[in-house]
Amino acid sequence: MEMEDLRGMKPGPAQIIVEEVDKDKRQSHKAKGWRRITGKDAKIRDGISTNIFSDPWIPNHHSGKPQLKRGVSSNLKTVNQLKTVGRDSWDRELLQELFIEEDVKAILEINSLNQSMKDRVMEVRVQLEVPAWLLLPATSIK
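Letter by letter, the sequence shown follows residues 2 to 143 of my numbering.
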């Protein structure tokens with residue numbers, strides 16, 4: 002998730018809580034602050050702890066999960082199985098065999114691969130501070 006830190010600016014109406022989750026240790030570290038969201042973050046590194054079809058791991062993608070081509074099935078489970086064996090690069094041929102073109106392009110843009118580091122997931126929750134009168138139905142405001 003790319004975020005622009007806005008420390009030094011006055012807080013606005015939305016408070017954003019960023020939570021980094023270590024999937025292996027099931028620990029979280031929270032940081033509160035006023036920030037602007039500009040995208041998603043999917044830090045795929047070794048790919049071992051990220052499920053291809055159930056975890057949203059593709060950044061700037063409508064679902065975060067790849068879609069298989071029509072008529073194609075796969076027994077692959079984790080993202081590391083989509084990488085070239087022993088290297089920090091994608092198996093382009095395998096990706097093109099399995100997934101629709103749009104998803105292959107999005108996956109190939111992920112350049113955070115590093116087999117010596119664990120995957121990292123950033124979850125963002127937005128908490129809005131809204132004046133009570135904004136929650137009233139439009140007909141009750143005069």
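We treat Cβ as the ideally placed atom computed from N, Cα and C, and that holds for glycine.
Worksheet item: Taking the alpha-carbon positions, what's the Met-10 to Arg-93 distance?
Response: Note that Met-10 has pLDDT 44, beneath the 50 cutoff, so the model's placement of it is unreliable and the number below is only indicative. If I take the Cα positions, the gap works out to 44 Å.
Discussion item. Output needed for Ile-108: all residues of its chain with C-beta closer than 8 Å, excluding positions within five of it in sequence on either side, in chain order.
Written reply: Ile-59, Pro-67, Leu-83, Trp-91, Leu-96, Phe-100
Item to complete: Locate the alpha helix (DSSP H) running through Asp-104, then write down its first and last residues.
Response: 102-109
Worksheet item: Is it true that the CB of Gly-48 sits closer than 8 Å to the CB of Thr-79?
Response: Taking 8 Å as the cut-off, the Cβ atoms of Thr-79 and Gly-48 count as close.
Item to complete: Starting from the Cα of Val-105, find the closest Cα among Asp-89, Thr-51, Leu-69 and give me that residue.
Response: Leu-69
Discussion item. Please state the DSSP three-state secondary structure of Asn-179.
Written reply: One cannot answer for residue 179 here, as it falls past the ends of the chain, which runs 2 to 143.
Practice prompt. Could you pull out every residue in the same chain whose Cβ sits closer than 7 Å to the Cβ of Ser-64, ignoring the five residues on either side in sequence?
Written response: Pro-57
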